[in-house]
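Worksheet for the structure shown next.
Residue numbers (this note's numbering): 79 to 410.
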């Protein structure tokens, strides 16, 4: 009897231990599954290439031939959104502010004038001096976008120019350089190496297919800037939609060659659906112009070339609200 009791006791302890182990294991699995994804709970709403362990800097300078042969990165096209009348529907979530820019050392400025679109007449004149081409590699291809200088060591562009929006570290652009005032292969202010990239959590996670165009913007950290040559654009946010916008970029699809800086100087045409609503102007620019600035007051970044309505000559930008300002303020 004693032996039977001992055997029964040991068996009971074994069963209890197994059940406890299973319980703890299931609890740990549930805890791991319930752990929030840092990309969707990041208070800054920012994802960086360094967080993903991706080296974005170019090992060697891009040659003039490589730059000419780079393919314009496809500009997102309307994916079934409903365009709305061009009304001032802004509901800023904070006070409107315009942060002034910085002129280049030459202090050369250009009068925007009354022309609605065309090639920029003086690439070294501010604010055009702060605009350039971004060359990069993504998914095995060599591509080009546009961008602008926004700080002493940072540039601004579209989210889709730095990341494919697939929610993975495989989506980052690499071998990234910025060439301000690029013209037919020339680099009067040098090639700037981009050592880190950042985009919004919204774009990184959702991309175009799941509604990330509302925050289709990004920026890059530059290791060898020369802002004395370019100047720096200011930054405006929580503004009225009803503005006169200067969009600048390097469209590279027909009828454009990609070698020249093009501008569109237009008032608000439409606001689009989204949260916040994106907005558009009349402008025929296409692939390659992605990421170029929407400028107001002749010096302040207030949007960027994001997507188009094919065949309609309409170019759209994210609306810069307080979230855009927080992204602008983010420090690498």
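Positions of the beta carbon are idealized from the N, C-alpha and C atoms, including for glycine.
Query, Result
"Look at residue 127 and residue 317 and say whether their C-beta atoms are less than 8 Å apart.", "no"
"Does DSSP put residue 293 in a helix, a strand or coil?", "helix"
"Check this for me: beta carbons of residue 392 and residue 347, under 8 Å apart or not?", "yes"
"Output the distance between the C-alpha atoms of residue 259 and residue 309, rounded to the nearest integer angstrom.", "11 Å"
"Distance check for residue 271 and residue 302, CA to CA, integer angstroms please.", "6 Å"
"Going by the CB atoms, is the gap between residue 313 and residue 373 shorter than 8 Å?", "no"
"Between residue 150 and residue 336, how many whole angstroms is the CB-CB distance? I'm expecting something under 8 Å.", "6 Å"
"So residue 243 and residue 284 are in contact, right, with Cβ under 8 Å, and what is the actual spacing, rounded?", "7 Å"
"Quick one: what does DSSP say residue 335 is sitting in, helix, strand or coil?", "coil"
"Does the region 379-396 come into contact with the region 363-371, if we say contact requires no fewer than three beta-carbon pairs (one atom in each stretch) closer than 8 Å?", "yes"
"Which residues in the same chain have their Cβ closer than 6 Å to the Cβ of residue 216, if we skip the five residues on either side of it in sequence?", "251"
"May I have the straight-line CA-CA distance separating residue 357 from residue 233, to the nearest angstrom?", "22 Å"
"With residue 350 as the anchor, note down where its beta strand (DSSP E) starts and where it stops.", "348-352"
"Going straight from the alpha carbon of residue 134 to that of residue 363, what length do you get?", "27 Å"
"For the beta strand (DSSP E) that residue 372 lies in, which residues bound it at each end?", "371-374"
"Among the residues of its own chain, which have a CB less than 8 Å from the CB of residue 186, if the five just before and after it don't count?", "200, 202, 203, 204, 207"
"Report the rounded CA-to-CA distance for residue 304 versus residue 210, giving the unit in angstroms.", "13 Å"
"Quick one: Cα of residue 237 to Cα of residue 156, how far?", "16 Å"
"Excluding five sequence neighbours on each side, which residues of the same chain lie with their C-beta closer than 8 Å to the C-beta of residue 300?", "231, 232, 233, 256, 270, 271, 272, 273"
"For residue 140, which of helix, strand or coil comes out of DSSP?", "coil"
"In angstroms with no decimal places, state the Cα-to-Cα distance between residue 406 and residue 146.", "31 Å"
"Could you say which of 176, 184, 354, 247 lies nearest to residue 289 if we only look at CA atoms?", "354"
"With a threshold of 16 other CB atoms inside 10 Å of the CB of residue 137, please say whether the residue is buried or exposed.", "exposed"
"I need the straight-line Cα distance from residue 172 to residue 395, nearest angstrom please.", "20 Å"
"Using DSSP with H/G/I as helix, E/B as strand and the rest coil, what is residue 240?", "helix"
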